[in-house]
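Working notes, structure below.
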Amino acid sequence: MTDAARRPAFITGGSSGIGLALARQLAARGHPVALFARNADRLAEAALSVPGARAYPCDVSDRSAVEAAVAQAESDLGAPEWAIANAGIAEPGTFLTQDIASHEAQMQTNYMGALYFAKACAGAMDSGRLVFVSSGAAFFGIYGYSAYAPSKFALRGLAEVLRVELAPRISVTLAYPPDTDTPQLAAEARTKPEVTKKITAGGGLWAPEAVAAAILKRADKGRFAAAPGLQMAALLWLHSLAAPALRAWQAGIARKHR
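Read in order, the letters of the sequence shown correspond to residues 1 to 258 in the UniProt record's numbering.
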């Protein structure tokens, strides 16, 4: 396929981090890019750094806003070849101290936002790739993530179903990024309990560009799971077997901090 014939890539959470890295790499392949994010100013600045990209400000937690933004992007650029649901928020905290509104916000953005976006894109895609960006928190319960982890577990469930339902027309990939040097990770650290910091340490810090390249490599091959790095790969293949040991290990760390 020539560059001129390439269909667009639609990416949520495209104003920074992994989303922006994905946008740059797909634009380098010749795909027109539509970026979606809630902060219009940051999104416009990001779009300027991606050749030919267009900005479509919207909050993915708002279904009507997502549907309108995707419809406008499809009108401008055509149906996407790549639809990447990358937008997400993470606000760690312990269950008894965290406000219920935080639980609602993370489920609404991380799961419902991805659902709204996938639903808006998939109907118009004759073929292509649908990518969901999840988290290692989707593998097993992690102390401090009672609001975040369920949203990523739900996203994993959605991807598992769509993998079957949309095949072979649309290839579905579910990505599990390791800790990545992004504004979201920095924001997450502000509320992360000390126990959670201990539990999640040790996986290293990846550059967004490396994570984006790993995700695209797996999606290009039609693979369902993209788990960059040894830690994520081990969780992908062994999380069910390792779950009892992981729970006991976390319990030991929590006891030391009480």
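Backbone N, C-alpha and C fix where the C-beta goes; we use that ideal spot for every residue, glycine too.
### Query
Do R38 and D59 have their C-beta atoms closer together than 8 Å?
Their beta carbons are under 8 Å apart, which means R38 touches D59 by this criterion.
### Query
What three-state label does DSSP hand G14 in the structure shown?
Reduced to three states, the DSSP call for G14 is coil.
### In chain order, each beta strand (DSSP E) run of at least 3 residues that lies wholly inside the stretch 17-43
Qualifying beta strand (DSSP E) stretches, in chain order: 33-37.
#### Entry: the stretch 112-120 / the stretch 73-92 touching (three or more Cβ pairs under 8 Å)
Yes, the stretch 112-120 is in contact with the stretch 73-92.
### Task
Have a look at Y176 and A65 and give me their C-alpha separation to the nearest angstrom.
Cα to Cα, the separation comes out at about 27 Å.
### Message
Does F224 come out as helix, strand or coil in the three-state DSSP assignment?
### Response
Coil, per DSSP.
### Message
Does D76 pass the burial test, meaning 16 or more other C-beta atoms within 10 Å, or should it be called exposed?
### Response
D76 comes out exposed.
### Query
Which word fits P168, buried or exposed, when buried means at least 16 other C-beta atoms lie within 10 angstroms of its C-beta?
With fewer than 16 other Cβ atoms within 10 Å, it is exposed.
### Query
Can you tell me the Cα-Cα spacing of A69 and R255, whole angstroms?
Cα to Cα, A69 sits roughly 48 Å from R255.
### Task
Output yes or no for whether 8 Å exceeds the beta carbon distance between Q25 and S61.
No, the Cβ-Cβ distance between Q25 and S61 is not below 8 Å.
### Query
Touching or not, the stretch 185-198 and the stretch 228-238, by the rule of three or more beta carbon pairs under 8 Å?
Cβ pair count under 8 Å is below three, so no.
#### Entry: DSSP-derived helix/strand/coil call for L96
Under the three-state reduction of DSSP output, L96 falls in the coil class, being neither helix nor strand.
### Message
Tell me the rounded alpha-carbon separation between A124 and V131.
### Response
Approximately 16 Å, taken between the alpha carbons.
### Query
How many angstroms separate the CA atom of E209 from the CA atom of F95?
Cα to Cα, the separation comes out at about 33 Å.
### Query
When we look at the beta-carbon of L205 and count the other beta-carbons within 10 Å, is it buried (16 or more) or exposed?
Exposed is the call here.
### Cβ pair A73, A23 closer than 8 Å
Result no, Cβ atoms of A73 and A23 do not sit closer than 8 Å.
### Query
Within this structure, are the beta carbons of A138 and P80 separated by less than 8 Å?
Cβ distance not < 8 Å, so A138 and P80 don't count as in contact.
### Query
Does A212 come within less than 8 Å of chain D when only Cβ atoms are used?
Here chain D cannot be found, since the structure has a single protein chain.
### Query
What's the gap between the Cα of D181 and the Cα of G252?
Straight-line spacing of the CA atoms in D181 and G252 works out to 28 Å.
### Task
Starting from the C-beta of A47, find all residues in its chain whose C-beta is less than 7 Å away, skip the five residues before and the five after it, and write them out in chain order.
These residues qualify, in order along the chain: L35, A53, R54, A55.
#### Entry: Reference D220, options R129, F140, E165, closest by Cα
Closest in alpha carbon position to D220, among R129, F140, E165, is R129.
### Message
Using 8 Å as the threshold, is the C-beta distance between Y148 and E67 below it?
### Response
Annotated as distal: Y148 and E67, with beta-carbon spacing of 8 Å or more.
### Query
To the nearest angstrom, how far is it from the Cα of E160 to the Cα of L174?
Cα to Cα, E160 sits roughly 8 Å from L174.
### Query
Leaving out five residues before and five after I18 in sequence, what residues of the same chain have Cβ atoms less than 8 Å from its Cβ?
By the criterion of a C-beta distance shorter than 8 Å, I18 is surrounded in its chain by N86, V133, P177, T180, T182, P208, V211, A212, I215, once the five residues flanking it on both sides are discounted.
### Task
Could you check which residue in S15, A40, F153, G78 has the C-alpha nearest to that of R6?
The residue with the shortest Cα to Cα distance from R6 is G78.
### Query
What did DSSP end up calling P193 once you bin it into helix, strand or coil?
Assignment of P193 by DSSP, reduced to helix, strand and coil, places it in the coil class.
### Task
Output the distance between the C-alpha atoms of S15 and E45, rounded to the nearest integer angstrom.
Their Cα atoms are separated by approximately 8 Å.
### Message
Judging by CA-CA distance, which residue of S102, W249, G136, A105 is the nearest neighbour of V195?
### Response
Between V195 and the set S102, W249, G136, A105, the nearest pair of CA atoms involves W249.
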